[in-house]
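Following: one structure in structure tokens, then a few remarks.
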Amino acid sequence: MGSEDEAGLVARTMGGDRAAFGVLVERYAAQARRVARSVLGDPDEADDAAQDGFLSALVKLAQYDATRPFGPWLMRIVANAATDRRRRRQVRRAEPLDTALVGGGPRPDAQAIRSELGDRLRTALAELPERRRTAVVLFDVEGYSHAEIAGILGIPEGTVRSEVFHGRRRLRALMADWKE
Amino acid sequence: MIDHEKFDHRPDPELGKALRAALEPAGDQGAFVARVMAGYDAALERATVPTWEVLASWSRRGIAAALAAAVVAGFLLGRTVFQPASADDTPATMEAAMAPPEGPGLTALMTANDPPDASIVLTSLVEPR
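Same order as they appear, the protein sequences are chains A and B.
Residue numbers 0 to 179, in numbering that gives the first Met the number 0, belong to the letters of the first sequence in order.
Residue numbers 0 to 128, in numbering that gives the first Met the number 0, belong to the letters of the second sequence in order.
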């Protein structure tokens, strides 16, 4: 995805071009939903946060620097939307995060194994502090650089490296008995 | 998963793939996009107030302002029409306006056969009426 192309899409969106905004949403929908889910855990709530992020980005488009990549800018807004939602949830009800992550029901073997792995990973992710798991997801899943993640999370690059390192190590420890 | 206890700057493809699968949204992507676009439309609708609503919001204040303006205009017009003219007012007729003001300097200027002396002209101009 070329940043120049995205700058054009952003300019068209600001000019009221609905289709251009639609292209941006389609392009980043999956990523935004994953990032929001890494923060919130619950997939439905993550979708709400991702939607909040897109619409919030729409309002803030004038603040976007077209010379820089659009993805990190958008992901910062999405991550903030998810964090805000999580804070509001914590105020509403003081219960552990991500208890509703595990899917249920019998499945065929291969799918069941994948599902179980997913459940284990989500549970393991939920044990990490929010910033740490978001850093791991942005780095290992979404492929952002440490510098870009630093911009997204609003923390120093060195802290991102540390968060990714400790996050990975904790995930590996939690998943150590998987298929072994 | 790559087993590195030491710091590694590179993404871990195996961990990344597994996490991606674990975080993959359950619902349809198209449905999500449609939902966001519906939010876009709703936001746009909220931001665009129909013209008739704007006019309606203006009408109450507009009517009040028009009434106030009419009262003030009526008052000023009535005061002008019914006010008696004073002696110092400007002439009411064209003849009066065009009549030469009285005064010896001007009379001499108008009745003389010779061209006027410059001092007389200037005197007539500066002479108080």
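We put the CB at the ideal spot given by N, CA and C, even for glycine.
At a beta-carbon threshold of 7 Å, none of the residues of chain A lie near residue 27 of chain B; the nearest stands roughly 10 Å away. Contact with chain A is absent for residue 74 of chain B, since none of that chain's Cβ atoms lies less than 7 Å from the residue's Cβ. In the three-state scheme derived from DSSP, where H, G and I count as helix and E and B as strand, residue 38 of chain B is classed as helix. Rounded to whole angstroms, residue 170 of chain A and residue 139 of chain A show a C-alpha spacing of 12 Å.
When secondary structure is reduced to three states using DSSP, residue 176 of chain A falls in the coil class, being assigned neither helix nor strand. In the three-state reduction of the DSSP assignment, residue 125 of chain A falls in the helix class, which pools H, G and I.
A straight line joining the alpha-carbon of residue 23 of chain B with that of residue 70 of chain A spans about 18 Å.
Under the Cβ distance rule, residue 53 of chain A counts among the residues neighbouring chain B, one pair being separated by less than 7 Å. Residues of chain A whose Cβ lies closer than 8 Å to the Cβ of residue 19 of chain B are, in chain order, 33 and 140. Using a CB distance below 7 Å, the part of the region 1-32 of chain A facing chain B consists of 17, 20, 21, 24, 25, 28, 29 and 32, ordered along the chain. Note that the C-beta distance between residue 74 of chain A and residue 34 of chain A is below 7 Å. For the C-beta of residue 34 of chain B, the chain A residues within less than 8 Å are, from N- to C-terminus, 46 and 50.
Within chain B, the residues placing a beta-carbon under 8 Å from that of residue 42 of chain A are 24, 25 and 26, ordered along the chain. By the rule that beta-carbons nearer than 7 Å mark a contact, residue 81 of chain B does not touch chain A.
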